[in-house]
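Shown next, in structure tokens, is the structure this report addresses.
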Amino acid sequence: MIQIPARELPLEARSALRRYQREVDAEPDFARRVETAAAKFRQRNRPSNVVFGGVRSTLTAMCAGAKRCMYCEDSAADEVEHHRPKNLYPEHVFVWQNYLYACGPCNGPKKNQYAVFVADGSIVDVTRGYHQPVSPPVAGEPLLLHPRVENPLDYMMLDIQGDTFLFVPAADPQSREFERAKYTIELLRLNGRDHLPVARREAYGSYRARLVEYIHRRDAGANASALNLLIDALRRLQHPTVWSEMRRQHDLIPELTHLFASAPEALNW
Ligand SMILES: [Zn+2]
2 MIQIPARELP
12 LEARSALRRY
22 QREVDAEPDF
32 ARRVETAAAK
42 FRQRNRPSNV
52 VFGGVRSTLT
62 AMCAGAKRCM
72 YCEDSAADEV
82 EHHRPKNLYP
92 EHVFVWQNYL
102 YACGPCNGPK
112 KNQYAVFVAD
122 GSIVDVTRGY
132 HQPVSPPVAG
142 EPLLLHPRVE
152 NPLDYMMLDI
162 QGDTFLFVPA
172 ADPQSREFER
182 AKYTIELLRL
192 NGRDHLPVAR
202 REAYGSYRAR
212 LVEYIHRRDA
222 GANASALNLL
232 IDALRRLQHP
242 TVWSEMRRQH
252 DLIPELTHLF
262 ASAPEALNW
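See below:
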């Protein structure tokens, strides 16, 4: 998971979302707001709705590679996902900053699960069970990392050295940062789907091969536009976290130390 570049919505879509949100907020109590949030989102999140057409095309432009999911970077993103679930936070159902573009295998199991750090620092799972009353969740800071507002790689790292290609929390085990990384990895099953580390390992090989090709072509005298095409192709590969981590960890992995010494400019790609 890498940080997603910021992008603004077209003006008309922005004002329409604010208008949609006001309709939900105007309901007289929390249970009604939850109900209206679900109904209105279902009604408007359709291809025929031009506002959501704008939402989806802007989210698509923010995704890595060929419209890859903002969580797993592996499957195609096709679901407008709420970071704060709409059944817990109806006041965020039409808030642009709350939207991510995700794939079904990430969004499905995540569902309406959410947890927060409450005032005394302990963790409270605020997910509402089927038979629980529809009341507002206890206030607190979210555990789930938000790749549009923070860099997930400040909290976790990819184990390339050990060749597992699993995510591991980067911070001290007693810290909030550790808990946030752990919660995110587990909730989104970033390590729990066997094909994901396999795909990350394959991406590592693809990035390495592209970098080797670049070095060969550069040393053979290729011109700048030919080299830029190679760089652009590398940047479009899937699993951009792998490339980000190859750059960050290059001092620790001998073959990368060697490659980046030959092409230090690649540290900025
Ligand atoms: Zn996904």
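Numbers 2 to 270, taken from the numbering used here, label the letters of the sequence shown in order. The beta-carbon is built from N, C-alpha and C at its ideal position, and this holds for glycine as well. In this text the structure is predicted, and so the values were computed from the model without any measurement.
In the pairwise beta carbon analysis, the region 160–174 is classified as not touching the region 105–123: fewer than three pairs are separated by under 8 Å.
Uninterrupted beta strand (DSSP E) stretches at least 3 residues long and entirely within the region 64–102 occur at 80–83, given in chain order.
Residue 184 holds the alpha-carbon nearest to the alpha-carbon of residue 145 among 45, 41, 184, 261.
Nearest to residue 170 by C-alpha distance, out of 240, 39, 181, is 181.
Of the other Cβ atoms in all chains shown, 16 or more fall within 10 Å of the Cβ of residue 22; this residue is therefore buried. For residue 117, the uninterrupted beta strand (DSSP E) segment begins and ends at 116–118. One thing to note: residue 151 has its Cβ no nearer than 9 Å to the Cβ of residue 250. If you draw a 10 Å sphere on the C-beta of residue 239, you find 16 or more other C-beta atoms in it, and that means buried. Note on geometry: alpha-carbon atoms of residue 154 and residue 2 lie some 7 Å from one another. Under the three-pair Cβ rule at 8 Å, the region 50–60 counts as touching the region 9–26. The C-alpha of residue 230 lies about 14 Å from the C-alpha of residue 208. Comparing alpha carbon positions, the residue from 228, 237, 174, 243 closest to residue 199 is 243. Look at residue 103: its beta carbon is less than 8 Å from one of the heavy atoms in ligand 1. If you look at residue 166, you'll find it isn't in any beta strand (DSSP E); DSSP assigns it neither H nor E.
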